[in-house]
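Under the numbering used here, the first residue of the sequence shown is numbered 283, with each subsequent residue one higher.
Ideal Cβ positions, reconstructed from N, Cα and C, are used throughout, including at glycine.
Each remark here refers to the structure printed beneath this line.
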Amino acid sequence: MAVRIGKPAPEFESEAWTRGAHGPKKVGLSQHRGKWVVLFFYPRDFTFICPTEIASFGAIQKDFERANAVVIGVSTDSFYTHKAWFESDPRLANINYPVIADTGHQLSGAFDVLLEDGAALRGTFIIDPEGILRHMSINELDVGRNVNETLRVLQALRTGELCPVDWKPGQSTLTTYDEWLAKALPRLPKQVLVDSTKKLQTTKYSAGQMVFEQGDAPDRFYIISAGEVEVIRRKRDGSEKILAGLHPGDYFGEIGLLTEARRNASIRAKTDVELLAMNWDDFRKVIESSEASRKDFADIMRERLAQT
């Protein structure tokens with residue numbers, strides 16, 4: 283069965299050469315759960331292009347480690363062929379990652395890079411900390427791969443965001459979560475922000491229009507993305523008092539949701555306004571997912587209630 287992006291990578295436990303070890307050591311995918319794995323196949327030991335690739339992975343191994351990744355090489359040569367080559371060729375003197383001896387061809391076959399003559403194509407596979415295959419590329423034998431590109435793809439995958447063409451660490455991404463939501467809830471985990479963005483609904487109100495009235499049942503949480511609103515308290519005599527003005531990035535509606543009490547103030551659009559709204563069930567799940575955000579809301583709620 284062919285390997286597929288987004289599906290679990292084939293499990294393996296194979297014998298490997300590692301520098302300093304007298305005999306082969308077992309290397310398996312499951313032992314690296316919690317880390318990214320960069321698994322690369324090359325055709326043969328004692329060849330021409332292969333040592334340039336192997337040395338290139340070694341030269342930036344620390345960069346892979348800083349990205350919470352382990353590098354594992356694979357060819358169908360034996361452990362003893364690996365040992366003879368890696369411990370005699372000066373170009374490979376700094377290789378400190380394991381190199382699997384896939385003499386039985388199970389691993390090369392599982393990743394669909396095995397050739398009829400028993401060699402492996404130049405395949406590169408990036409596997410995430412849960413064991414899911416996230417990237418693969420396979421070169422014909424005569425063309426060496428770009429190891430720096432492998433690192434770049436790994437770094438992009440780790441962001442969990444939309445990375446445009448030629449993206450590099452430090453550059454902006456095509457944000458996958460709403461920036462107003464991130465500003466309102468700065469301590470939400472990134473994945474919660476991404477998931478919560480999908481729950482937001484954009485609503486618009488004209489200047490002077492009521493968003494909700496004092497005494498209404500609470501049903502939604504709001505973030506202002508454009509325009510201004512006024513927080514109004516109606517008195518017993520029918521007059522009103524403006525308690526506050528809220529601007530883009532501010533939010534409201536959380537008090538009624540958190541206290542499960544009717545709205546204690548009205549909200550009116552001071553200008554044409556655009557709001558991001560989240561219903562009660564989704565808002566509750568967001569708050570329950572983040573102890574830090576729950577504490578932030580509690581502090582702000584106490585402050586706002588004291589002002590009213």
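Counting only residues of its own chain and dropping the five nearest sequence neighbours on each side, K481 has a CB closer than 7 Å to the CB of M560, D564.
Inclusion of V353 and F346 in the CB contact set at 7 Å is warranted, their separation being smaller than that value. Residue nearest to W299 within the set D359, E512, Q473, K577 is D359 (criterion: CA-CA distance). A distance below 8 Å between beta-carbons, with the five flanking residues on each side excluded, links E335 to the following residues of its chain, in chain order: F322, Y324, R404, G426, R427, V429. In this structure, DSSP gives S548 an extended state, which the three-state scheme calls strand. Going by DSSP, F565 is part of the alpha helix (DSSP H) stretching over 562-570.
Straight-line measurement puts the Cα of D498 at about 29 Å from the Cα of E461. Around the C-beta of D448, fewer than 16 other C-beta atoms lie within 10 Å, and the residue is accordingly described as exposed. Around the beta carbon of A466, a 10 Å sphere encloses 16 or more other beta carbons of the protein chains shown; the residue is thus reported as buried.
Proximity of the segment 514-529 to the segment 472-490 falls short of the contact definition, fewer than three beta-carbon pairs being nearer than 8 Å. E293 is the residue among K307, E293, H304 whose C-alpha sits nearest the C-alpha of R315. The beta carbons of A291 and I382 sit no closer together than 7 Å.
Cβ neighbours of L415 within its own chain (closer than 8 Å, five residues either side excluded): V285, R286, I287, G288, K289, P290, A291, F407, I408, I409.
A distance below 6 Å between beta-carbons, with the five flanking residues on each side excluded, links A392 to the following residues of its chain, in chain order: P292. When secondary structure is reduced to three states using DSSP, K344 falls in the helix class. Taking C-beta separations shorter than 8 Å and ignoring five residues to either side along the sequence, the partners of S390 in its chain run F323, V356, T358, D384, L396, A402, following chain order. By the C-beta criterion, the segment 546-554 is judged to be in contact with the segment 481-497, since at least 3 inter-stretch pairs fall below 8 Å. Following the DSSP letters along the chain, one finds Q483 inside the beta strand (DSSP E) bounded by residues 483-487. For the pair P500 and I524, the Cα-to-Cα distance works out to about 20 Å. About 7 Å separates the Cβ atoms of P380 and K307, confirming a contact at the 8 Å cut-off. Judged by beta-carbon spacing, T455 lies within the 7 Å limit of L444, meaning their Cβ atoms are closer than that value. Inclusion of L558 and S478 in the CB contact set at 7 Å is not warranted, their separation being larger than that value. Of the residues Q453, V476, G452, K450, the one whose Cα lies closest to the Cα of Y459 is V476.
Here the C-alpha atom of R326 lies approximately 60 Å from the C-alpha atom of F579. Non-local C-beta neighbours of S338 in its own chain, meaning closer than 6 Å and more than five positions away in sequence, comprise V429, ordered along the chain.
DSSP places H417 inside the beta strand (DSSP E), whose first and last residues are 415-421.
Under the three-state reduction of DSSP, R515 is assigned to strand. Secondary structure of F407 (DSSP, three-state): strand. Assignment of beta-bridge partners to F494 by DSSP yields I549.
Ranked by Cα distance from F368, the options K344, A351, P333 are led by P333.
Here P290 carries a strand assignment [DSSP, helix/strand/coil]. The C-beta of A543 has fewer than 16 other C-beta atoms within 10 Å across all chains shown, which makes the residue exposed.
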